[in-house]
């Protein structure tokens, strides 16, 4: 046959190169995150303490191992979970603007979390104490799952999602979820209220080993579920019918995608509140660089999402030190304009 | 040996030779530390600690309910004095883990609450004698201020905010309720605890003689015109008679050393606005 | 064989197909024609299990509702009327999707062969969304061809191409190209079922024809048996003549004469 220049190899090759760069970036962000903070403790101190008889002061130990390390790990899993959820949702809805935050899935997860915080003690059979720290992440994941199911039922006809319906449904669901949360917040007592306000602003400041252990397994499960979806999401880009015709188990694919997004988004929202725009910015940037092939996109999104959130968290920690800015403000400040740019660009392309 | 055991039992009291580095969280807590003459020991404060003026020079670790653990450790405190409600719980736990004692100063919205705070803080600082003296002085001042305040027989509504035209008012078990009572007046809202949004009808039913607010600058400021033009607030006796009082928030609601003055101030303004109306 | 027995399809509360029975043979190019709304596309969707139906459809002896997607995909490929992609895939990436399902996976990469076949060599690295409607249609055809690259499987069973208006957005040259591809597929032993609007092209390439009207088959059989004045006039609701040239000097162009010397 005629020899043609193979064009997929370049995009694949770019994606692979991007992946190595992202690994290095993630590693650098981790070191930076462990080393930087309001106190002067650095990783170097710990290394020195490890090889010399000099003991690290207790406060420095706490800063490194109980504050910065769980927070760093939390930023990594939350960032990866949000970015991958965004990419999976966009693939599922065949719509580059689908983002857990924008279409109301985060709001649904938030309502789940609020319900758990306020009404958790009213659960029968000692369920609340049995679940312990897992209660809130699980409730948030359930909330996210319910929201995606409703969204899918409303916004998708014959496997095609119109952007207008999706965004409008997102607004309606966010409003509904907000109203429900509002009712519960009204009924909340003072301690619960404090939990709620702390959490609603979006922050990784509360990252402790306990929270990490409670939420990370759900997020990691969501991420692992997403991995085998990659090929299917590529096929789904053709539409549900065509995906079925090329041999994909479309219904199972959709269910798995929804479960994966719900678990990852839900748990992420439960521990970090409303951190927006990671899910839309990260996959979009990567598609611009190395194409929409989900087999490359999903792992790269996990890496870039983790790095971005580490950086945003770093900014939130040092910009007004010793106080802290909620990280949601940082990601919204960076992501909001990007989203607007996307919309404008899309409008130019669609001529509408 | 017994001496050692005693030290172990009192982790929050100080071993004499080392000067403690104190982080104060809460406006009233900071004021009490200064009133005890221990202002030099402070190495940090929260956002609401703005009085006395020299407190503002201290590093600010942020909002008292959203404290970042590393931010706190960065001022390297050896003792943390925090008003109740400071947190989140994770941060408190981490401080304990880092070996920094966290002393919670009890809250309370009556005359007895302030001496109680003083004692807790003085004990933590090892300044028991100064604490006794300050508590006695404040008790005397409080008694005198209350005696002067007498009974105004007016109902006062404390309006926290007027967001989107919705009135957020103070119910029972609030600092506002406490100071209104101490100043010899009645809280117009007794149907609930804490701060909640009122319907317009509830505002009309409460029919306060006086509206009390925090003096604020900027966009949160609520001017008289906004109150008078509000459909429900505008129809209350308070708005009709122009009986609207504004006072500094920490001064009015802090329940600290300045509270006796705040009681006198509020009482005087209540008397004035009622006389004006009558 | 692709056999449909007594197919009823109801969309909403309206029955679209009222008991359609038809059979399609391998090594033949079968076309389904009929006026708008006659149920052609609905029948095609039933034949591909894309829509729910009452009745029974078997493909190479397998009941299609009981057969998993991957197995169906190894026996037949389906070309939709048009496909919009949400993401900026390149032409080669789209075509390669045809190879992911089953039979092609792991085999040699035939992406460029498939593109060459539909006359789109050199388009591999272009963005799908930048192409014209006709070019996009041919990219999809290349993808579909890749899925059933060998018209007869290794165990001797025929493979099937199911095409929904494959030439609707093409110019006459490419219409001929695409119909020839379908013809070749049938000539090599595969089965082709196509919904068509163009009666001339159908007459030119097809072996077997099904004429539909109001959700029922009014005529089926060899092309020359179906394409007669009475059947057509009845189905399309207007008087039509077959094989009669206009009497005066009016201009007309027939695909049958393409390539013939003037």
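Residue numbers (this note's numbering), protein chains in the order written: chain A, 753 to 1104; chain B, 4 to 281; chain C, 361 to 622. Quick reminder that beta carbons are idealized off the backbone N, C-alpha and C, glycines included. Owing to the predicted nature of the structure, the values given are computational and were not obtained by experimental measurement.
Quick check on this structure: which residue in 536(C), 458(C), 451(C), 492(C) has the alpha carbon closest to the alpha carbon of residue 483(C)? When each option's Cα is compared against that of residue 483(C), the closest is 451(C).
Give the range of the beta strand (DSSP E) segment to which residue 524(C) is assigned. Start and end: 520-524.
So what does DSSP say about residue 404(C), is it helix, strand or coil? Taken through DSSP and simplified to helix, strand or coil, residue 404(C) comes out as helix.
Three or more C-beta pairs under 8 Å: does that hold for the region 121-140 of chain B against the region 236-256 of chain B? Contact fails: fewer than three Cβ-Cβ distances are below 8 Å.
I'd like to know whether the C-beta atoms of residue 571(C) and residue 589(C) end up nearer to each other than 8 Å. No, the Cβ-Cβ distance between residue 571(C) and residue 589(C) is not below 8 Å.
Between the CA atoms of residue 932(A) and residue 1020(A) - distance to the nearest angstrom: Rounded to the nearest angstrom, the two C-alpha atoms are 20 Å apart.
Does residue 770(A) have its Cβ less than 8 Å from a Cβ in chain C? With a threshold of 8 Å between beta carbons, residue 770(A) makes no contact with chain C.
Counting only Cβ-Cβ distances shorter than 9 Å, please list the residues of the region 76-97 of chain B near chain D, keeping chain order. Considering every chain present, this structure includes no chain D. Its protein chains are A, B and C.
Can you tell me whether DSSP reads residue 366(C) as helix, strand or coil? For residue 366(C), the three-state secondary structure derived from DSSP is strand.
In chain order, what residues of the same chain have a beta carbon less than 6 Å from the beta carbon of residue 1056(A), not counting five sequence neighbours either side? Contacts found: 774, 1034.
So, are the CB atoms of residue 597(C) and residue 448(C) less than 8 Å apart? No; because the gap between Cβ atoms is not below 8 Å, this pair is not in contact.
Excluding the 5 residues preceding and the 5 following residue 868(A) in the sequence, name in chain order all residues of the same chain whose CB lies nearer than 6 Å to its CB. These residues qualify, in order along the chain: 887, 888, 891.
Below 8 Å, can you find three or more Cβ-Cβ pairs linking the region 546-555 of chain C to the region 573-593 of chain C? With the rule of 3 Cβ pairs closer than 8 Å, the region 546-555 of chain C does not count as touching the region 573-593 of chain C.
Unbroken stretches of the alpha helix (DSSP H), 4 residues or longer, contained in the region 71-127 of chain B: Taken in chain order, the unbroken stretches of alpha helix (DSSP H) that lie wholly in the region 71-127 of chain B and span 4 residues or more are 72-77, 92-100.
Kindly provide the ranges of any beta strand (DSSP E) runs that are 3 or more residues long and lie completely inside the region 381-449 of chain C, ordered along the chain. Inside the region 381-449 of chain C, DSSP marks whole beta strand (DSSP E) runs of 3 or more residues at positions 389-393, 414-419, 436-439, from first to last along the chain.
Could you run through the region 571-598 of chain C and flag, in chain order, every residue whose CB is less than 8 Å away from some CB of chain A? Answer in chain order: no residues at all.
Nearest candidate by alpha-carbon position, reference residue 1026(A), set 883(A), 802(A), 999(A), 1084(A): Nearest option by C-alpha distance: 1084(A).
Assigned exposure category for residue 971(A) - 16 Cβ within 10 Å defines buried: With a threshold of 16 other beta carbon atoms within 10 Å, residue 971(A) meets it and is buried.
With DSSP as the reference, identify every bridge partner of residue 161(B), one or two as the case may be. Beta-bridge pairing links residue 161(B) to 215(B).
Looking at the unbroken alpha helix (DSSP H) that takes in residue 503(C), where does it start and where does it end? Looking at the DSSP string, the run of the alpha helix (DSSP H) that includes residue 503(C) is 493-507.
Are the Cβ atoms of residue 119(B) and residue 109(B) separated by less than 8 Å? It is a contact, given that the beta carbons lie within the stated cut-off.
Checking the sheet assignment: what are the DSSP bridge partners for residue 568(C)? Residue 568(C) is bridged by DSSP to 390(C), 582(C).
Would you mind giving the Cβ-Cβ distance between residue 253(B) and residue 30(B), rounded to the nearest angstrom? I have them listed as a contact below 8 Å. Rounded, the Cβ-Cβ distance is 4 Å, consistent with contact.
Tell me, please, which residues DSSP counts as bridged to residue 199(B). DSSP lists 172(B) as partners of residue 199(B).
If contact is defined by three or more beta carbon pairs under 8 Å, each pair taking one atom from either stretch, is the region 71-90 of chain B in contact with the region 781-792 of chain A? Cβ pair count under 8 Å is three or more, so yes.
Within chain C, the residues that residue 998(A) reaches when beta carbons sit closer than 7 Å: Near residue 998(A) (Cβ distances below 7 Å), the residues of chain C are 433, 457, 458, 460, 461, 507.
Using only CA atoms, which one of 808(A), 982(A), 902(A) lies nearest to residue 843(A)? Minimum Cα distance to residue 843(A) is reached at 982(A).
CB contact below 8 Å: residue 63(B) versus chain A: Chain A places a beta carbon closer than 8 Å to that of residue 63(B), counting this residue as a contact.
In angstroms with no decimal places, state the Cα-to-Cα distance between residue 216(B) and residue 115(B). Within the model, the alpha-carbon separation for residue 216(B) versus residue 115(B) is close to 24 Å.
Please list the terminal residues of the continuous beta strand (DSSP E) segment that includes residue 477(C). Under the DSSP assignment, residue 477(C) falls outside any beta strand (DSSP E), being part of the alpha helix (DSSP H) whose first and last residues are 471-477.
Interface flag, residue 401(C) vs chain A, CB-CB below 8 Å: Any Cβ of chain A closer than 8 Å to the Cβ of residue 401(C) would place that residue at the interface, and such an atom is absent.
Can we say the region 366-386 of chain C touches the region 55-64 of chain B, given the rule of at least three CB pairs closer than 8 Å? By the criterion of at least three beta-carbon pairs nearer than 8 Å, the region 366-386 of chain C is not in contact with the region 55-64 of chain B.
Whose C-alpha, out of 817(A), 901(A), 936(A), is nearest the C-alpha of residue 922(A)? Residue 922(A) has its Cα closest to that of 901(A), out of 817(A), 901(A), 936(A).
Determine, for residue 219(B), whether the minimum Cβ-Cβ distance to residues of chain A falls below 8 Å. It does not; no Cβ of chain A falls within 8 Å.
Cutting at 7 Å between CB atoms, please list the residues of its own chain near residue 1054(A), excluding the five before and the five after it. Residues 832, 835, 836, 975 of the same chain have their beta carbon placed closer than 7 Å to that of residue 1054(A), with the five preceding and five following residues left out of the count.
Could you tell me whether the Cβ of residue 607(C) comes closer than 8 Å to any Cβ of chain A? At a cut-off of 8 Å, the C-beta of residue 607(C) has no neighbouring C-beta in chain A.
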